[in-house]
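To start, the structure under review is shown below, and the notes come after it.
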Amino acid sequence: MVRNGSRNEAALEGASAYPSTRIGRSNSQRAGSSGTGTNHGERIDCSSPGSLRAGSYHHGFSIRCLCSLSAIFSMEMAAWKLHSTPCLDVTYHTMQHHPLFFLCSLTAMVVLASPALDEIPLVRPQKHGAFFSAIPVVDLSMPFSAEALVKACEDVGFFKVINHNVPMDVVQRLEAEAVKFFEMPQVFKEASGPADPFGYGNKRIGPNGDVGLVEYLLFGITSKPLSYTSMSFLEEPSACLFGPALSEYLLAVKKLASDVLELIAEGLKIEPGDVLNRLVTDEQSDGLFRLNHYPRCPLLERLNRSWTGFGEHTDPQIISVLRSNNTTGLQISLKNGSWVSVPPDQESFFIVVGDCLQVLTNGRFKSVRHRVLANGSKSRVSMIYFFGPPPAEKIAPLSQLMGEGEQSKYKEFTWGEYKKAAYKSRLGDNRLGQFEK
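Here UniProt numbering is used: the first residue of the sequence shown is 1, the next is one more, and so on.
Here it is as structure tokens:
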């Protein structure tokens, strides 16, 4: 847990090291009493020395400085405005509709109901419209697309594909069903959760304390026959179109991933041509599918801050196929460590090189670090299909790609071993580090 904002200071590009804050349910609130609090609508001015002291209670919320439990809040902190009835879960929804408006221009974070969770960090995004223009675009209908795919995997580890043959009406049907689900009352959505590992999740990303301003549905995918994890909401009459839309989408995107991997093998000049493709089309292949919803944060937009929707990470599988609505938020990290924003394109797909493909090419391809920042003015809905090999599949550099005298950079492992290690780690950890020679 970051208690002095140090993790965020670098992301804020030299911003002053302000104290972080924490918002959580007070002991009195948990015990069932109302606690001492301010009047509804009272404005608390943090620049007034007596207004907010460490551990003071406001409508059942404990507001305290994490840097020093006895410290008064910084003079530079913005005001906190509380009104209406407090809610246990401090989320985008509650910020908009009742308990708390978060108006600060410092390195600030929110802890959700469980104290075991890390805070959701704020970062300073790039200037509006500052998109990375050099993201490779590969036209799959062109004769030299195989070579273009290899170059994109080598140079960036992330690229956009066009003329992908996935019908847009298939995409739009699933997106419409996803939006309908995420607009449902919270109690309805939580009936399909928690995500352990599959199901509905809200802010908790995995079991190791990572959080983000995101809600999601996570499905396990089997390859042959293509099927997905069942969830309780799929049995509701209101979701009668969800299952067919999901199946149709998965089939189309699986075909796209298969085509891309066959073209990559062709570009690498390795035989047989299905050496990569078979890893994700085997009947034991281990796939995942996520539907993510990142709520908009209009209050933070005014302060030139974005809440982290999904923290920086690499994908552990072979490749991931991503598509989103026409909303910004996705960023990738370049080889020099700088973060750049990906221009949205709702009619194209983005391919992400995963850790296993990096190992199979002995580091020739790079699994790219990426993250999502919550957009200030518009919600983001994304769909990601993660293509993993069978759990027993041994992952090691392909001999055909090893030059004379070249040594493997990685220890051999099975996908099951790597998956187990990956999901014991935090999002931002270098998962491949323990498998490097």
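Backbone N, C-alpha and C define an ideal beta-carbon position, used for all residues, glycine too.
Nothing here was measured: the structure is a model prediction, and the numbers come from that model.
Under a three-way DSSP split, which group does residue i fall into?
i	result
I162	strand
S379	coil
L401	helix
F365	coil
Y410	strand
S238	helix
S320	strand
Q434	helix
L303	coil
G428	coil
G193	coil
G329	coil
F386	strand
A396	coil
F131	strand
S232	helix
How should residue i be labelled, buried or exposed, when 16 other C-beta atoms within 10 angstroms of its C-beta is the threshold for buried?
i	result
C356	buried
K419	buried
L276	buried
R25	Unreliable placement is indicated for R25, whose pLDDT of 34 sits below 50; no coordinate value is reported for it.
R302	exposed
Y294	buried
P389	buried
Y168	The sequence shown places Met at residue 168, not Tyr. M168 is exposed by the Cβ-count criterion.
K411	exposed
Q434	exposed
K335	exposed
G405	exposed
Q331	buried
N202	buried
P207	exposed
S145	buried
S367	buried
Report the rounded CA-to-CA distance for residue i versus residue j, giving the unit in angstroms.
i	j	result
P397	Q186	46 Å
V260	L268	12 Å
A265	T361	11 Å
L299	E436	44 Å
Y200	Q284	24 Å
P197	I318	20 Å
M231	E393	28 Å
G273	L427	33 Å
P343	F132	7 Å
S341	L373	10 Å
R431	G287	19 Å
K424	I395	19 Å
F158	K180	30 Å
M142	V352	20 Å
V123	R371	12 Å
F242	G337	39 Å
L246	L174	6 Å
F349	Y385	11 Å
A148	F233	42 Å
Q407	T414	19 Å
L218	Q400	36 Å
G220	C297	30 Å
G376	N326	14 Å
I120	L263	39 Å
In terms of residues, what are the limits of the beta strand (DSSP E) holding residue i?
i	result
K180	It is not in any beta strand (DSSP E) - K180 instead sits in the alpha helix (DSSP H) that spans M168 to F182.
Y200	G199 to I205
V211	D210 to T222
Y294	D286 to Y294
E312	S306 to H313
V372	H370 to L373
D139	V137 to D139
In the DSSP assignment, find the unbroken alpha helix (DSSP H) run with residue i in it and report its ends.
i	result
S247	F242 to L268
K151	S145 to D155
K189	Q186 to E190
N277	N277 to T281
V359	D355 to L360
G273	Taken as a continuous stretch (DSSP letters only), G273 belongs to no alpha helix (DSSP H), as it is neither H nor E.
G337	No alpha helix (DSSP H) holds G337; DSSP gives it neither H nor E.
Y423	Unbroken run through Y423: none, as it is neither H nor E.
Using 7 Å as the cut-off, classify the Cβ of residue i as near or not near the heavy atoms of the ligand FMN, replying yes or no.
i	result
V368	This structure does not include the ligand FMN; it has no bound ligands of any sort.
Would you say residue i reaches chain B, if we count a Cβ-Cβ gap shorter than 8 Å as a contact?
i	result
F131	Included in the structure is just one protein chain, with no chain B present.
> Does the pairing of the segment 308-319 with the segment 208-215 give three or more beta-carbon distances under 8 Å?
Replying inline: The segment 308-319, when compared against the segment 208-215, does touch it at the 8 Å Cβ threshold.
>> With a threshold of 8 Å, are at least 3 pairs of Cβ atoms found where one atom belongs to the segment 224-239 and the other to the segment 347-356?
In response: no
> Does the segment 133-146 come close enough to the segment 238-255 that 3 or more CB-CB pairs lie under 8 Å?
Replying inline: no
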